[in-house]
């Protein structure tokens, strides 16, 4: 039964289009488990040989870049304060943190935010609203999306490669591993942001003796 279920899933022509749509949607709805799906498919591919890792990575990366670009275009079109959800909650807080620095630290923000759902939305909206040039933003988004896809597939692949005899177990183990790593990355990024914010405040409060 397990083998038949796995064969049906991996052989479905809708698997990769569904993955693409899921990753695109995650650019706006953080409840969508795009990272989990990519990790799970990486584990499945490594343990069962299907779907191909060479297909999962570009599809996931393309979905990430497409979703982030759409979010960027929304920010460019409507700004950062038209809707209530842009001003309140975790998204509003994240937007407020990045809006002042998105033009100065575009590369750092785009790359780090790709791994933190709420920050990802905030950075892409702020990049659009802040008029970061598309010719600068898009290559950074593409590189970040590709790195994100490779990272998540690699996490799943490492688990799957050690459990080749049991693909379902590989998927079951890879998901909590990915969640734990994601929480760790979130903590690290938050700590670095807080450190940079403290440094900025100290610089702002330091009197200019040359004035």
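Numbering (the working numbering), first residue to last: 36 to 246.
Even for Gly, the Cβ is constructed at its ideal location relative to N, Cα and C.
By alpha-carbon positions, which one of the options ends up nearest to residue i?
i: residue 85; options: 207, 192 and 219; result: 192
i: residue 219; options: 79, 147, 174 and 101; result: 147
i: residue 149; options: 184, 140, 196 and 93; result: 184
i: residue 180; options: 145, 79 and 87; result: 145
i: residue 216; options: 197, 187 and 207; result: 187
i: residue 139; options: 67, 172, 155 and 156; result: 172
So, is residue i buried or exposed, given that buried needs 16 or more other C-beta atoms within 10 angstroms?
i: residue 176; result: buried
i: residue 36; result: Residue confidence for residue 36 is low, a pLDDT of 40 falling below 50, so the modelled location carries little weight and cannot support an answer.
i: residue 223; result: exposed
i: residue 226; result: exposed
i: residue 246; result: Caution is warranted here: a pLDDT of 46 is assigned to residue 246, below 50, making its placement in the model unreliable, and the coordinate value is therefore given only provisionally. Its Cβ having fewer than 16 others within 10 Å, residue 246 is exposed.
i: residue 230; result: exposed
i: residue 47; result: exposed
Can you give me the Cβ contacts of residue i inside the same chain, cut-off strictly under 6 Å, excluding the 5 residues immediately before and after it?
i: residue 159; result: 103, 106 and 107
i: residue 95; result: 58, 73 and 184
i: residue 49; result: none
i: residue 98; result: 55, 58 and 59
How close, in whole Å, do the beta carbons of residue i and residue j come, if the pair is a contact with beta carbons under 8 Å?
i: residue 195; j: residue 62; result: Not quite, the Cβ-Cβ distance comes to about 26 Å (not below 8 Å), so this is no contact.
i: residue 162; j: residue 141; result: 7 Å
i: residue 65; j: residue 174; result: With 8 Å as the limit, residue 65 and residue 174 do not qualify as a contact, their Cβ atoms being about 25 Å apart.
Give every residue of the same chain whose Cβ lies closer than 8 Å to the Cβ of residue i, excluding the five residues on either side of it in the sequence, and list them in chain order.
i: residue 189; result: 77
i: residue 90; result: 51
i: residue 92; result: 181, 184, 185 and 188
Beta-carbon within less than 7 Å of residue i's beta-carbon, same chain only, minus the 5 sequence neighbours each way: which residues are those?
i: residue 101; result: 59
i: residue 69; result: 57, 58 and 61
i: residue 67; result: 57, 60 and 61
i: residue 212; result: 190 and 194
With three or more C-beta pairs closer than 8 Å as the rule, is the segment 53-68 touching the segment 168-175? no
Given 8 Å as the limit, is there contact between the segment 65-75 and the segment 103-111, that is, 3 or more CB pairs closer than that? no
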